[in-house]
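Asker:
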Amino acid sequence: MRRASMAVAAICAAVSLIASAGHAAGPEPYRLEDALTLRTFSDLTWSRDGKRLAFVVSEIDTAENTTNQDVWLTDLERGETLRLTRHPKADISPTFSPGGDTIAFVSTRGTGEDAKPAIYMMSLHGGEPWPFGTYAEAVGEVRWSPDGKHLAYVMTDTLPARIKEWRKKKWDQVVEDERLQYPRLWVVEIATGKQRRLTSGESYLWNVRWSPDSRSIAFIVSPTGKPDDANDQDIGIVPVEGGPMRMLGVIGDAFAWSPDGKSIALATGSDRKKWVEKTDLWSDSLYFHAAQGVTTRLAAVASRGGATRVTLGMDRRGEAGAPVIAANGRMAWVQSRPLAPAEVWVAERAG
């Protein structure tokens, strides 16, 4: 515990991540306007070598009454943090190429009323983002395959032309749950741009994860998009080359592949007083983020069972998000404290 906590302090002191302005010289009243200027962080993702961390920063534009999201990058080796994208529309879901020199992400950069979120790429050596392919409907998330040959992405169904025309003319009466656009899992080949749909049927899916050998894709799936089915979740797996979706038959809302692709660890439970969140680290132990009372901790348990041990005390006052862990053991998470806004924290290893 002590060694792990010292690792966090050393990394956080050495690497200056995104933070809001420092405290003023004297005490000042906290106003609503101050809360609206705070940045929030999401979509933390590591490069394969664990040397770079990409994440999304959200900022509120009070003048325009909008929220903008852009992709930022921290280079842990150089101790540098820079803003990768600067666009009035949201840039989300960053994912590294296996070589770590390119990032793909989702953005709405088209023109006209029908502009939809699509996949863009950006070289980390410099230059502007460029569109990768064209998409009939909105893309929600994107993930690069470990072998670098494909992008997996989630795209909603296309509405019938009749319904689209109604919506343009404001003729459609919206009835909750009456007409749903289901998200589908697709893959696109990097070399050719060829797109293939992998899922169908009336189900919602998200949180796409490639198997280590790039042959299968797993995801969280819900039978419908209706509120009553929000907690009826399973883990589905489909082969990249096509085939039926296989359900694991377990209720879970977070999971991770083992490095050999033979196992999947998942977070589930019935004790509503304690919450367990996902991590991406795999070893002889399973690491998970647990909330107990008003504190949060990173804990571990042997994959074959046994006593739970605390490896990193993220139990400072405040709220910590689920960590993401790189292949080399580096860990990153978002944490806020009573006297400090949300910040991105990094630890050298889980414990």
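Residue numbers (mature numbering (1 follows the signal peptide of the UniProt record, and there is no 0)): -24 to -1, 1 to 327.
A virtual CB, placed ideally from N, CA and C, is assigned to each residue, including glycine.
Count the other CB atoms within 10 Å of the CB of Thr134; is the residue buried (16 or more) or exposed (fewer)?
Answerer: On the sequence shown, position 158 is the one that residue 134 refers to. Exposed, since its Cβ has fewer than 16 Cβ neighbours within 10 Å.
Asker: Looking at C-alpha atoms only, which residue of Lys125, Gly225 and Gly116 is the closest neighbour of Thr168?
Answerer: On the sequence shown, position 192 is the one that residue 168 refers to. That would be Lys125, whose Cα lies nearest to the Cα of Thr168.
Asker: For Ala308, which of helix, strand or coil comes out of DSSP?
Answerer: Taking the first residue of the sequence shown as 1, we reach residue 308 at position 332. In the three-state scheme derived from DSSP, where H, G and I count as helix and E and B as strand, Ala308 is classed as strand.
Asker: Quick check on the burial criterion: 16 or more other C-beta atoms within 10 angstroms. Buried or exposed for Tyr6?
Answerer: Start at 1 with the first residue of the sequence shown, and residue 6 comes out as number 30. Tyr6 counts as exposed, since fewer than 16 other C-beta atoms from the protein chains shown sit within 10 angstroms of its C-beta.
Asker: Tell whether a beta-carbon distance below 8 Å holds between Tyr180 and Tyr158.
Answerer: Residue mapping note: residue 180 aligns to position 204 of the sequence shown, counting from 1. Residue mapping note: residue 158 aligns to position 182 of the sequence shown, counting from 1. Closer than 8 Å, so yes.
Asker: What does DSSP give as the partner residue(s) for Gly212 in the beta ladder?
Answerer: Residue numbering aside, residue 212 sits at position 236 when the sequence shown is read from its first letter. The partner list for Gly212 (beta bridge, DSSP) reads Phe195 and Met223.
Asker: Cβ of Ile79 within 8 Å of Cβ of Pro70?
Answerer: Here residue 79 refers to the residue found at position 103 when the sequence shown is read from its first residue. Here residue 70 refers to the residue found at position 94 when the sequence shown is read from its first residue. Taking 8 Å as the Cβ cut-off, Ile79 and Pro70 qualify as a contacting pair.
Asker: List the residues that DSSP assigns as beta-bridge partners of Ile240.
Answerer: Along the sequence shown, read from residue 1 onward, the residue named residue 240 stands at position 264. According to DSSP, which records beta bridges pairwise, Ile240 is partnered with Trp233.
Asker: In the DSSP assignment, find the alpha helix (DSSP H) that holds Asp19 and state where it starts and stops.
Answerer: Numbered from its first residue, the sequence shown carries residue 19 at position 43. Here Asp19 belongs to no alpha helix (DSSP H); instead the beta strand (DSSP E) covers Thr16 to Trp22.
Asker: Buried or exposed: Asp189, going by 16 or more other Cβ atoms within 10 Å of its Cβ?
Answerer: Numbered from 1 along the sequence shown, position 213 holds the residue referred to as residue 189. By the neighbour-count rule (16 or more Cβ atoms within 10 Å), Asp189 is not buried but exposed.
Asker: Apart from the five residues on each side of it in sequence, which residues of its chain come closer than 8 Å, Cβ to Cβ, to Ala112?
Answerer: Stepping through the sequence shown from its first residue, residue 112 is reached at position 136. Only Met131 and Thr134 meet the Cβ criterion.
Asker: Under the DSSP definition of a beta bridge, which residues are partnered with Gln171?
Answerer: The sequence position of residue 171 within the sequence shown is 195, counting from 1. DSSP, once it has assigned bridges, lists Val164 as partnering Gln171.
Asker: The beta strand (DSSP E) spanning Glu35 covers which residue range?
Answerer: In the sequence shown, the residue the question calls residue 35 occupies position 59. From DSSP, the beta strand (DSSP E) with Glu35 extends over Arg28 to Asp37.
Asker: Assuming contact is defined by CB atoms lying nearer than 8 Å, are Asp25 and Asn304 in contact in what I supplied?
Answerer: Taking the first residue of the sequence shown as 1, we reach residue 25 at position 49. Taking the first residue of the sequence shown as 1, we reach residue 304 at position 328. Yes, the pair counts as a contact, with Cβ atoms nearer than the cut-off.
Asker: Whose C-beta lies closer than 6 Å to the C-beta of Glu35 among residues of the same chain, with five residues either side of it excluded?
Answerer: In the sequence shown, counting from the first residue as 1, residue 35 sits at position 59. Taken in chain order, the residues that qualify are Arg15 and Asn44.
Asker: Can you tell me whether Ala278 is buried or exposed, with buried defined as 16 or more other CB within 10 angstroms of its CB?
Answerer: If you number the sequence shown from 1, residue 278 lands on position 302. With fewer than 16 other Cβ atoms within 10 Å, it is exposed.
Asker: Please state whether DSSP places Ala94 in a helix, a strand or coil.
Answerer: Here the question's residue 94 lines up with position 118 in the sequence shown. Residue state, collapsed to three classes: strand.
Asker: Take Thr84 and list the residues in its own chain whose beta-carbon comes closer than 6 Å to its own, dropping the five residues that flank it on each side.
Answerer: For this step, residue 84 is matched to residue 108 along the sequence shown. Cβ-Cβ distances below 6 Å link Thr84 to Lys65, Ala91 and Pro93 in the same chain, with the five nearest sequence neighbours on each side left out; the list follows chain order.
Asker: Among Leu100, Val226, Glu4 and Glu89, whose alpha-carbon lies nearest the alpha-carbon of Leu29?
Answerer: Counted from its first residue, the sequence shown places residue 29 at position 53. It is Leu100.
Asker: In or out: Trp120 buried (at least 16 other Cβ within 10 Å) or exposed?
Answerer: Working through the sequence shown from its first residue, we reach residue 120 at position 144. Answer is buried; the Cβ neighbour count reaches 16.
Asker: To which residues of the same chain is Glu295 closer than 8 Å at the C-beta, ignoring the five residues directly before and after it?
Answerer: Counting from one through the sequence shown, the residue named residue 295 turns up at place 319. Here the set comprises Thr272, Gln311 and Ser312.
Asker: Out of Leu58, Ala39 and Ala230, which has the shortest C-alpha to C-alpha gap to Asp46?
Answerer: As a working note, residue 46 is residue 70 in the sequence shown. Considering only alpha carbons, the answer is Leu58.
Asker: If we count the other Cβ atoms within 10 Å of its Cβ and call it buried at 16 or more, is Thr21 buried or exposed?
Answerer: For the purposes of this step, residue 21 is identified with residue 45 of the sequence shown, where counting begins at 1. It is buried - the Cβ of Thr21 has at least 16 other Cβ atoms within 10 Å.
Asker: Quick one: what's got a C-beta closer than 8 Å to Val115's C-beta in the same chain, skipping five residues either side?
Answerer: Locating residue 115 in the sequence shown gives position 139, counting from the first residue. Taken in chain order, the residues that qualify are Val82, Lys92, Pro93, Ala94, Ile95, Tyr129, Val130 and Met131.
Asker: Just how far apart, CA to CA, sit Ile196 and Ala241?
Answerer: Start at 1 with the first residue of the sequence shown, and residue 196 comes out as number 220. Start at 1 with the first residue of the sequence shown, and residue 241 comes out as number 265. Each residue's alpha carbon lies about 13 Å from the other.
Asker: Cβ of Gly237 within 8 Å of Cβ of Gln209?
Answerer: As a working note, residue 237 is residue 261 in the sequence shown. As a working note, residue 209 is residue 233 in the sequence shown. No. Outside cutoff.
Asker: Considering only their Cβ atoms, is the gap separating Ile68 from Asp19 smaller than 8 Å?
Answerer: Your numbering for residue 19 matches position 43 in the sequence shown. Your numbering for residue 68 matches position 92 in the sequence shown. Yes, Cβ-Cβ distance for Asp19 and Ile68 is below 8 Å.
Asker: Could you pull the DSSP bridge partners for Ala323 from this structure?
Answerer: Position 347 of the sequence shown, counting from 1, holds the residue named residue 323. The beta-bridge partner set that DSSP reports for Ala323 consists of Met307.
Asker: Should Pro215 be listed as close to the ligand ZN, given that the test is whether its C-beta is under 7 Å from any heavy atom?
Answerer: The model depicted lacks the ligand ZN and carries no ligand whatsoever.
Asker: Could you tell me the boundaries of the alpha helix (DSSP H) in which Asp46 lies?
Answerer: Taking the first residue of the sequence shown as 1, we reach residue 46 at position 70. Where Asp46 is concerned, there is no enclosing alpha helix (DSSP H), although the beta strand (DSSP E) it sits in stretches over Thr42 to Asp51.
Asker: Please name the residue, chosen from Trp182, Leu60, Ala11 and Gly102, that lies closest to Ser198 on a Cα-to-Cα basis.
Answerer: Taking the first residue of the sequence shown as 1, we reach residue 198 at position 222. The candidate whose alpha carbon is nearest that of Ser198 is Trp182.
Asker: Once the 5 residues before and after Gly103 are set aside, which same chain residues still bring their CB inside 6 Å of it?
Answerer: Here residue 103 refers to the residue found at position 127 of the sequence shown. Same-chain partners within the cutoff: there are none.
Asker: If we count the other Cβ atoms within 10 Å of its Cβ and call it buried at 16 or more, is Ser187 buried or exposed?
Answerer: The residue labelled residue 187 in the question sits at position 211 within the sequence shown. Its Cβ being crowded by 16 or more others within 10 Å, Ser187 is buried.
Asker: Which residue from Leu315, Pro314, Trp309 and Ala316 puts its Cα closest to that of Val322?
Answerer: The residue you call residue 322 lines up with position 346 of the sequence shown. Checking every option, the nearest Cα to that of Val322 belongs to Trp309.
Asker: To the nearest whole angstrom, what separates the beta carbons of residue 340 and Ala194, a pair I think is in contact under 8 Å?
Answerer: In the structure as shown, the chain starts at -24 and stops at 327, and residue 340 therefore has no counterpart that could be examined.
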